[in-house]
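Some notes on the structure that comes next.
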Amino acid sequence: MTWSLPPVEPLEIRERGVQAMGPSAVRFRLGGVPAEVEAWRPDILRLRIGVSRGPDYGFLVQSPGAPLEAEILPEAYSFKTGAVSLRLDFAPSLRLTLSRAGVPLLASSEDGHIRGGLRIPALGRSGGAWVVAFALGSGEPVYGLGEKFGPLNRRGGAFACWNEDALGVNAEASYKNVPLAWSPRGWGLFVHTPARTLHGVGYAPWSHRTYILLVEDEALDLFFLAGTPLEILEAYTWLTGRPPLVPPWSYGVWWSRCYYRTPEEALGVARELRGRDIPGDVLVLDGRAWLEVATRCTLEWDPSRYPDPEGFIRELKGLGFRVCLWEYPYVSVHSPLFAELAAKGYFLKDAQGNPLVYRWDPEPFGEVLTPLPPSGILDFTNPEAVRWWQERHQALLAQGVDVMKTDFGEQVPREARAHNGDTGSRLHNPYALLYNQSVYGATPEGLVFARSGYVGSQRYPVHWGGDPQADWEGLAASIRGGLSWGLSGGAYYAHDVGGFYGNPDPGLYLRWVQAATFFSHMRFHGMGPREPWHFGPEIGGAVRLWLRLRMRLVPYLAHLAQQAAATGQPLARALPLVYPEDPFAHGFDTQFLLGDILVAPVLRPEGRVEVYLPEGVWQDLWTGRSWQGPELLRLHVPLEQIPLFARRGARLLLAREAKNRVEALPEAEVVSVKCQPLIMSTWQPLFRSS
Numbered sequence: 001m002t003w004s005l006p007p008v009e010p011l012e013i014r015e016r017g018v019q020a021m022g023p024s025a026v027r028f029r030l031g032g033v034p035a036e037v038e039a040w041r042p043d044i045l046r047l048r049i050g051v052s053r054g055p056d057y058g059f060l061v062q063s064p065g066a067p068l069e070a071e072i073l074p075e076a077y078s079f080k081t082g083a084v085s086l087r088l089d090f091a092p093s094l095r096l097t098l099s100r101a102g103v104p105l106l107a108s109s110e111d112g113h114i115r116g117g118l119r120i121p122a123l124g125r126s127g128g129a130w131v132v133a134f135a136l137g138s139g140e141p142v143y144g145l146g147e148k149f150g151p152l153n154r155r156g157g158a159f160a161c162w163n164e165d166a167l168g169v170n171a172e173a174s175y176k177n178v179p180l181a182w183s184p185r186g187w188g189l190f191v192h193t194p195a196r197t198l199h200g201v202g203y204a205p206w207s208h209r210t211y212i213l214l215v216e217d218e219a220l221d222l223f224f225l226a227g228t229p230l231e232i233l234e235a236y237t238w239l240t241g242r243p244p245l246v247p248p249w250s251y252g253v254w255w256s257r258c259y260y261r262t263p264e265e266a267l268g269v270a271r272e273l274r275g276r277d278i279p280g281d282v283l284v285l286d287g288r289a290w291l292e293v294a295t296r297c298t299l300e301w302d303p304s305r306y307p308d309p310e311g312f313i314r315e316l317k318g319l320g321f322r323v324c325l326w327e328y329p330y331v332s333v334h335s336p337l338f339a340e341l342a343a344k345g346y347f348l349k350d351a352q353g354n355p356l357v358y359r360w361d362p363e364p365f366g367e368v369l370t371p372l373p374p375s376g377i378l379d380f381t382n383p384e385a386v387r388w389w390q391e392r393h394q395a396l397l398a399q400g401v402d403v404m405k406t407d408f409g410e411q412v413p414r415e416a417r418a419h420n421g422d423t424g425s426r427l428h429n430p431y432a433l434l435y436n437q438s439v440y441g442a443t444p445e446g447l448v449f450a451r452s453g454y455v456g457s458q459r460y461p462v463h464w465g466g467d468p469q470a471d472w473e474g475l476a477a478s479i480r481g482g483l484s485w486g487l488s489g490g491a492y493y494a495h496d497v498g499g500f501y502g503n504p505d506p507g508l509y510l511r512w513v514q515a516a517t518f519f520s521h522m523r524f525h526g527m528g529p530r531e532p533w534h535f536g537p538e539i540g541g542a543v544r545l546w547l548r549l550r551m552r553l554v555p556y557l558a559h560l561a562q563q564a565a566a567t568g569q570p571l572a573r574a575l576p577l578v579y580p581e582d583p584f585a586h587g588f589d590t591q592f593l594l595g596d597i598l599v600a601p602v603l604r605p606e607g608r609v610e611v612y613l614p615e616g617v618w619q620d621l622w623t624g625r626s627w628q629g630p631e632l633l634r635l636h637v638p639l640e641q642i643p644l645f646a647r648r649g650a651r652l653l654l655a656r657e658a659k660n661r662v663e664a665l666p667e668a669e670v671v672s673v674k675c676q677p678l679i680m681s682t683w684q685p686l687f688r689s690s
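Its first residue numbered 1, the sequence shown is counted upward by one per residue in full-length UniProt numbering.
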């Protein structure tokens with residue numbers, strides 16, 4: 001589908017004037033529209049045009065506080081804080097320029113038309129939306145915009161920041177959208193809005209040389225960030241919240257399936273994992289595993305299968321497993337509680353003030369899974385509804401449940417009406433934030449396992465990548481989804497090991513395990529069994545070795561999480577984030593760094609892979625051989641390996657011995673290892689038998 005750009009009327013700027021000046025802000029008018037520039041930090045400037053009358057969703061956790069210098073001239077306004085400046089030129093037409101130390105970083109498009117003038121105005125209106133156009137340099141890459149499953153570089157594409165149930169990882173639709181874009185050139189642009197935004201990033205049907213932004217909101221609210229990519233992520237997460245630390249046990253291996261049909265089946269899997277000495281820390285019961293589908297979801301165990309849920313939980317705990325339960329924020333019209341909750345106003349409403357009933361499309365799952373019932377959508381703008389939902393969770397936690405899998409959250413229709421007076425058009429995206437904030441706030445250890453997200457969602461980890469196809473491109477897309485979430489402020493990520501839709505062949509299954517080992521969180525999940533013994537003894541043995549390696553990495557993951565909590569940088573780091581000035585690094589968008597470990601997942605069944613080593617000396621963690629980067633390697637690797645390299649001199653915190661669960665890794669057995677001993681004592685002994 002080609003998106004069409006609607007007609008754009010330039011903003012009238014002949015009438016303008018300064019109204020008030022303060023230490024960190026200047027208010028003025030442009031064409032009769034109120035506007036304001038604020039200095040939040042020496043590297044952050046905010047430009048607001050127009051007034052938004054809608055509710056505030058708490059995206060921002062800071063306040064402006066940097067000194068702002070203003071120069072008001074007849075044909076230009078210039079604002080400066082630290083080394084960063086934003087200039088508005090008015091003649092011959094409006095033009096914005098963001099600079100740092102006098103060097104322009106981002107400026108309005110000068111995309112001229114053969115008839116004269118501009119093809120696209122720098123700033124204008126189109127219906128009820130704002131339109132902004134910025135020039136892109138030749139070949140300039142652009143990153144961000146949340147979780148997307150295609151190429152990390154957004155240049156050439158059109159993207160909607162509008163959360164959707166993507167039903168796979170093969171299109172532009174995604175579960176976690178963030179209106180933050182940035183370039184290695186040194187600029188970042190964060191659109192502060194709950195509303196839908198469209199981003200044509202050098203999108204050829206509009207203009208291959210221009211970044212055109214459409215914002216479907218009353219006000220245009222832009223934050224300009226200046227710095228390196230790592231500095232831009234630090235600034236963005238300073239504004240919207242740092243990712244917190246998560247419980248150490250969450251870095252272990254999570255086991256799941258859609259779905260364990262009885263408690264006996266779930267316990268049987270747990271016992272088999274322990275009997276085979278396969279690591280596992282969390283067992284996940286998906287929705288159909290513990291809830292009665294027709295009446296869900298009021299967080300009540302299906303009594304026909306779970307007459308004694310506390311006893312079931314005790315058995316799992318006795319085997320050393322934490323317990324995760326699935327949920328979604330909808331209540332079936334067939335639930336005994338539906339009428340009571342509707343009377344209390346706990347659901348979103350339609351235009352007539354009645355509970356809005358969401359009706360599911362039965363197509364995606366066909367006859368494979370039971371159809372979902374028509375349901376009311378919980379209204380998390382209603383404090384009483386939030387309190388009730390949290391009390392339901394606290395009852396489960398008191399039974400011994402450890403964490404909730406907060407699925408869905410992308411279904412708010414535009415016509416919905418909320419308790420806070422907002423419409424679905426504005427609530428649709430932040431609903432994911434409010435939903436996970438509610439559940440996160442009920443959990444003592446501060447953890448959810450969430451699918452949907454928006455601005456600020458990094459404050460409520462962990463997130464996973466939805467429902468990938470169980471094929472090779474599903475694996476590649478899942479890696480890109482996780483890395484792009486990291487390029488948009490998210491620190492933690494998991495994907496369904498083995499893929500969700502369909503069943504992976506044994507080789508693909510092992511390759512997925514290898515890649516997932518180096519993401520912050522690791523969960524096996526899919527429509528069919530994902531336990532390793534279902535894929536043959538050779539694959540099962542190799543998977544056990546990789547999971548033992550995963551357990552050794554847990555202290556290192558916790559160490560990297562401390563960096564994330566301090567700076568906002570993700571644990572799994574795409575190469576353009578770390579090497580923004582290396583043009584070759586931008587072309588390898590499924591390679592990534594876990595701290596000082598360079599990981600090159602194998603994405604082809606024959607085992608061929610190209611590995612790019614950036615500047616520096618890199619040590620092969622299988623052979624010990626050193627390579628001087630930049631270097632391109634063309635490798636053919638055996639099934640039990642993937643290319644792994646470490647920076648020379650790297651120090652990695654590793655557990656001495658692999659155990660079958662994180663709580664069996666005592667603090668005293670965490671050591672710091674240099675690369676050469678790592679090769680001898682960590683990698684080879686684990687895989688010598690294979």
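We treat Cβ as the ideally placed atom computed from N, Cα and C, and that holds for glycine. In this text, all values refer to a predicted model and were calculated from it rather than measured experimentally.
Residue interval of the alpha helix (DSSP H) (run including residue i)
i           : result
residue 146 : No alpha helix (DSSP H) holds residue 146; the beta strand (DSSP E) holding it covers 143-146.
residue 313 : 309-318
residue 483 : 472-486
residue 77  : Run containing residue 77: none in the alpha helix (DSSP H); it sits in the beta strand (DSSP E), 76-81.
residue 647 : Unbroken run through residue 647 is the beta strand (DSSP E), 644-647; no alpha helix (DSSP H).
residue 287 : 287-290
residue 195 : No alpha helix (DSSP H) contains residue 195, which DSSP labels as neither H nor E.
residue 576 : 575-578
residue 339 : 338-343
DSSP state of residue i mapped onto helix, strand, coil
i           : result
residue 217 : coil
residue 120 : coil
residue 64  : coil
residue 329 : coil
residue 595 : coil
residue 49  : strand
residue 355 : strand
residue 464 : strand
residue 375 : strand
residue 158 : strand
residue 389 : helix
residue 710 : Outside the displayed range of the chain (1 to 690) lies residue 710, so it cannot be described from this structure.
residue 668 : Because the pLDDT at residue 668 is just 43, under 50, the model does not fix this residue reliably, and the point stays unresolved.
residue 8   : coil
residue 293 : helix
Beta-carbon separation (whole angstroms), residue i vs residue j, contact threshold 8 Å
i           : j           : result
residue 136 : residue 209 : 6 Å
residue 692 : residue 256 : Since the first and last residues shown for the chain are 1 and 690, residue 692 lies out of range.
residue 477 : residue 169 : 4 Å
residue 633 : residue 611 : 4 Å
residue 510 : residue 299 : Rounded, the Cβ-Cβ distance is 36 Å, inconsistent with contact.
residue 53  : residue 218 : 6 Å
residue 122 : residue 95  : 6 Å
Beta strand (DSSP E) segment containing residue i, residue limits
i           : result
residue 636 : 626-636
residue 100 : 95-100
residue 40  : 33-41
residue 539 : Here residue 539 belongs to no beta strand (DSSP E); instead the alpha helix (DSSP H) covers 537-567.
residue 369 : Careful: residue 369 lies outside any beta strand (DSSP E) and carries neither H nor E.
residue 104 : 103-107
residue 614 : 608-620
residue 188 : 187-191
residue 69  : 69-73
| field | Runs of alpha helix (DSSP H) wholly within the region 394-455 (minimum 4 residues, chain order) | value | Assignment of alpha helix (DSSP H) within the region 394-455, counting only whole runs of 4 or more residues, yields 424-427 and 431-442 in chain order.
task = Would you mind listing the alpha helix (DSSP H) stretches within the region 201-276 that are 4+ residues and don't spill past its ends, in chain order?
result = If one requires a minimum length of 4 residues, the alpha helix (DSSP H) runs lying completely within the region 201-276 are 229-240 and 263-275, in chain order.
Q: State whether the region 233-246 contacts the region 445-462, with contact taken as three or more CB pairs (one from each stretch) at a distance under 8 Å.
A: Between the region 233-246 and the region 445-462 there are three or more C-beta pairs closer than 8 Å, enough to call the two in contact.
Where are the beta strand (DSSP E) runs, 3 residues long or more, that stay fully inside the region 481-531, in chain order?
-> Restricting attention to beta strand (DSSP E) runs no shorter than 3 residues, the region 481-531 encloses them at 522-524, ordered along the chain.
- prompt: Below 8 Å, can you find three or more Cβ-Cβ pairs linking the region 325-336 to the region 393-411?
  reply: Yes, the region 325-336 is in contact with the region 393-411.
Answer yes if the region 11-24 comes into contact with the region 57-77, meaning at least three C-beta pairs across the two stretches below 8 Å, and no otherwise.
-> The region 57-77 is in contact with the region 11-24.
| message | Pairs of beta-carbons, one from the region 491-505 and one from the region 448-463, closer than 8 Å: are there three or more? | response | Contact between the region 491-505 and the region 448-463 is present, because at least three Cβ pairs lie under 8 Å.
Q. Okay, do the region 531-546 and the region 268-282 touch, 3+ Cβ pairs below 8 Å being the bar?
A. Flag = yes, the region 531-546 and the region 268-282 touch.
Closer than 8 Å is the cut-off here; do at least three beta carbon pairs connect the region 641-660 with the region 550-566? Result yes; three or more Cβ-Cβ pairs closer than 8 Å.
Does the region 477-487 touch the region 141-152, meaning 3 or more C-beta pairs lie closer than 8 Å?
-> Per the Cβ contact rule, the region 141-152 is in contact with the region 477-487 (3 or more Cβ pairs under 8 Å).
Can we say the region 216-235 touches the region 188-204, given the rule of at least three CB pairs closer than 8 Å?
At 8 Å Cβ cutoff, the stretches touch.
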